[in-house]
Structure formats: C-alpha cells, structure tokens
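Here the structure is laid out as structure tokens; the discussion comes afterwards.
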C-alpha cells in the first residue's frame with residue numbers, strides 16, 4: 004500500500020473504533036440518545052466513504068472497508084434492537 008492507502012485505512016480504522024466505542028457504551032445505563040445519534044453519524048460517514056470511493060479503491064482497501072462496514076452495521080442493528088434498561092418499573 005502507498006502512503007494515501009495507509010492514510011485511508013487509518014481513517015477507516017478511526018471511524019470504526021469510535022463507532023464501536025459508542026456502540027459498546029449503549030450497554031451502559033447512562034447511555035443517551037446522543038450516543039446513538041453519534042454512532043449512527045459515524046456509520047453514515049463510513050457508508051458515505053464507501054459510496055464516494057466506489058470503484059476507486061484497491062482490492063485490499065475495498066475488503067477492509069467492506070469488513071468494517073459489515074461489522075458496524077451488524078453491531079448497530081443488534082444494539083438498537085436491545086431495549087434500554089432505564090431502571091423504571093412499569
């Protein structure tokens with residue numbers, strides 16, 4: 004990989020790591036809607052990059068991007084389906 008490929012890979016990694024950290028936080032009782040929104044925004048950024056770079060990435064970068072996106076989409080779908088435990092009894 005050349006320098007730009009490495010930088011792009013790092014950008015994907017940063018977005019992936021930050022989104023994963025926010026999604027992991029969704030298990031916490033003190034999770035807020037802003038955490039969900041922030042995770043969604045990071046996921047949307049990865050989707051936008053995929054759209055804007057379609058056909059312009061090396062096979063290796065395309066694999067990395069698809070793997071990270073699939074992982075984030077799966078994790079996000081699982082987390083938002085889980086009911087929040089807000090401690091209130093009904």
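Residue numbers (my numbering): 4 to 93.
Backbone N, C-alpha and C define an ideal beta-carbon position, used for all residues, glycine too.
Return the Cβ separation of residue i and residue j in integer angstroms, given the expectation that the two are a contact with Cβ distance under 8 Å.
i, j, result
"residue 72", "residue 49", "5 Å"
"residue 15", "residue 79", "Their Cβ separation, rounded to whole angstroms, is 16 Å, which puts residue 15 and residue 79 out of contact at 8 Å."
For residue i, count neighbouring Cβ atoms within 10 angstroms of its own Cβ and tell me buried if that reaches 16, exposed if not.
i, result
"residue 67", "buried"
"residue 42", "buried"
"residue 22", "buried"
"residue 9", "exposed"
Give the straight-line distance between the Cα atoms of residue i and residue j, rounded to the nearest whole angstrom.
i, j, result
"residue 45", "residue 13", "14 Å"
"residue 40", "residue 81", "15 Å"
"residue 56", "residue 7", "13 Å"
"residue 77", "residue 5", "30 Å"
"residue 20", "residue 37", "17 Å"
Using only CA atoms, which one of the options lies nearest to residue i?
i, options, result
"residue 11", "61, 81 and 29", "61"
"residue 83", "19, 29 and 24", "29"
"residue 18", "57, 59, 47 and 4", "47"
"residue 51", "69, 38, 35 and 5", "69"
"residue 74", "4, 24 and 5", "24"
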